[in-house]
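**Q** Quick one: the structure is below, and I'll ask about it shortly.
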Amino acid sequence: MPETSAYADDLRLAHVLADQVEQITMSRFLAEDLVVESKPDLTPVSDADRACEEAIRAQLGRSRGRDAVVGEEYGASGDSQRRWIIDPIDGTKNYVRGVPVWATLIGLVDGEDCVMGLVAAPALGRRWWAAKGAGAWTGRSLAQARQVSVSGVSRLADASLSYSSLEGWREAGRGRAFLNLTSDLWRTRAYGDFWSYMLVAEGAVDLAAEPELELYDMAALVAIVEEAGGRFTSLDGRRGPWGGNAVASNGLLHDEVLERLAPDA
């Protein structure tokens, strides 16, 4: 990977963090004594989620003590323009049921600009990463990687969409719009969570969208999609992970999809 990014050192640190966390997540994945609880919002959290975020925060405290940290399990700490945004296990429902589609998301935001992101999915044997100005990559390590880019599909009739669920679109008042969009596409599949957006970055699918997400669900994904040549916005077109929902695309289809996913009349 070219050493062209001002955030190359941060990306190397993100790989170190992912290496440390992988030892925890893989040792607890499929463990018979995995402890799972329900959070106040009724979503599950495992002992692995908490142990991973604690490990990441401890390392960041040593290596980037002046930076702020925002994590799913322990909230926000620190006061800095540079914020590490962490989801220790994206796809906890998959994790606790033994489905291998889950990942650790490590993002770095400078101001409101997503400048670095790493997605580590060890049960799939995959990582994806990007730093501003240095392209998007996938592989097992910085030394063993290939660059990725979005597709060149320019018509909805030829496009493939990945999503997470239908119910969220109905709850967001966009169920009819979403179903109408899917009927005009070549293909739809519910790969879900982080994987939808990594498939966009790789050019394997052309679109991904979700009606409700948190900052920690998205921050690590933005740099990867954008450095692969795509676009990542909220449903109202705001760039980045700031709108509480997401549309990612190869760029060519983006504006049309935003228009099609407007709230149901």
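For what it's worth, this note's numbering labels the leading residue of the sequence shown as 995, then goes sequentially. Positions of the beta carbon are idealized from the N, C-alpha and C atoms, including for glycine.
(1) Looking at the secondary structure, which residues open and close the alpha helix (DSSP H) in which aspartate 1004 lies?
(2) In chain order, what residues of the same chain have a beta carbon less than 7 Å from the beta carbon of alanine 1256, not counting five sequence neighbours either side?
(3) Have a look at serine 1071 and valine 1064 and give me their C-alpha separation to the nearest angstrom.
(4) Ignore the nearest five residues each way along the sequence and tell me which others in aspartate 1178's own chain have a CB closer than 6 Å to its CB.
(5) Output the boundary residues of the alpha helix (DSSP H) element that contains glutamine 1053.
(6) Among all the DSSP beta bridges, which residues are the ones paired with leucine 1112?
(7) Name the residue from Ile1083, Leu1112, Glu1206 whose alpha carbon lies nearest to the alpha carbon of isoleucine 1018.
(8) So, under 8 Å CB-CB, leucine 1102 and arginine 1076 are touching, yes? Tell me the CB distance rounded to an integer number of Å.
(9) Give me the Cβ distance between valine 1147 and valine 1194, rounded to the nearest whole Å; I'm assuming they're in contact under 8 Å.
(10) Could you tell me if tryptophan 1131 is buried or exposed, where buried requires 16 or more neighbouring beta carbons within 10 angstroms of its beta carbon?
(11) Does the contact criterion of 3 or more C-beta pairs under 8 Å hold for the segment 1105-1112 versus the segment 1208-1228?
(12) Valine 1063 lies in the beta strand (DSSP E); which residues open and close that run?
(13) Should methionine 1020 be labelled buried (16 or more other beta-carbon atoms within 10 Å of its own) or exposed?
(14) Which class does serine 1177 belong to by DSSP, given the choice of helix, strand or coil?
(15) Can you check the segment 1064-1092 for any alpha helix (DSSP H) of at least 4 residues that lies completely inside it and give the ranges in chain order?
(16) Would the segment 1154-1172 count as touching the segment 1187-1206 if we require 3 or more Cβ pairs under 8 Å?
(17) Hey, quick one: how far does the beta strand (DSSP E) through valine 1118 stretch, first residue to last?
(18) Determine the burial state of asparagine 1174: buried for a count of at least 16 other Cβ atoms within 10 Å of its Cβ, exposed for fewer.
(19) Suppose contacts are defined by Cβ-Cβ distances below 8 Å. Is arginine 1168 in contact with proline 1205 by that definition?
(20) Three-state secondary structure (DSSP) at valine 1216?
(21) So what's serine 1159 in DSSP terms, helix, strand or just coil?
(22) Does the distance from the C-beta atom of alanine 1052 to that of valine 1015 stay below 8 Å?
(23) Taking the runs of the beta strand (DSSP E) that are 3 residues or longer, which of them lie wholly in the segment 1184-1217?
(24) Which residue or residues does DSSP assign as beta-bridge partners of aspartate 1131?
(25) Leucine 1207 to glutamine 1138, Cα distance in whole Å?
(26) Quick one: grab the DSSP three-state call for arginine 1170.
(27) Identify every residue that forms a DSSP beta bridge with valine 1241.
(28) Cα-Cα, which of Ala1097, Glu1047, Trp1163, Glu1196 is closest to aspartate 1258?
(29) Hey, how far is the Cα of methionine 1192 from the Cα of aspartate 1073?
**A** Reading it off the structure:
(1) Here the alpha helix (DSSP H) through aspartate 1004 covers 1002-1022.
(2) These residues qualify, in order along the chain: Ala1171.
(3) In a straight line, the C-alpha of serine 1071 is about 6 Å away from that of valine 1064.
(4) Scanning its chain for C-beta atoms nearer than 6 Å, with the 5 sequence neighbours on each side dropped, one finds around aspartate 1178 the residues Leu1150, in chain order.
(5) 1041-1057 is the extent of the alpha helix (DSSP H) around glutamine 1053.
(6) Paired residue(s): Ile1100, Trp1123.
(7) Of the listed residues, the one whose Cα sits closest to isoleucine 1018 is Ile1083.
(8) Confirmed, about 7 Å.
(9) Wrong, their Cβ atoms sit about 11 Å apart, outside the cutoff.
(10) So tryptophan 1131 counts as buried.
(11) Pairwise C-beta distances place the segment 1105-1112 in contact with the segment 1208-1228, as three or more of them are shorter than 8 Å.
(12) Here the beta strand (DSSP E) through valine 1063 covers 1062-1065.
(13) Flag for methionine 1020 reads exposed.
(14) Residue state, collapsed to three classes: helix.
(15) Correct list: 1086-1091.
(16) The segment 1154-1172 vs the segment 1187-1206: in contact.
(17) Before going further, note that residue 1118 is leucine rather than valine in the sequence given. From DSSP, leucine 1118 is part of no beta strand (DSSP E); its letter is neither H nor E.
(18) By the 10 Å Cβ count, asparagine 1174 comes out exposed.
(19) Yes; because the gap between Cβ atoms is below 8 Å, this pair is in contact.
(20) Three-state DSSP puts valine 1216 in a helix.
(21) If DSSP states are grouped into helix, strand and coil, serine 1159 belongs with coil.
(22) No, they are not a contact pair.
(23) Counting only runs of 3 or more, we get 1201-1204.
(24) For clarity, residue 1131 is tryptophan in the given sequence; the question names aspartate instead. Tryptophan 1131 is bridged to Trp1123, Gln1141.
(25) When only Cα atoms are considered, leucine 1207 and glutamine 1138 end up about 32 Å apart.
(26) Three-state DSSP puts arginine 1170 in a helix.
(27) Assignment of beta-bridge partners to valine 1241 by DSSP yields Ala1203, Thr1227.
(28) Of Ala1097, Glu1047, Trp1163, Glu1196, the residue nearest in Cα terms is Trp1163.
(29) If you take the alpha carbons of methionine 1192 and aspartate 1073, they lie about 30 Å apart.
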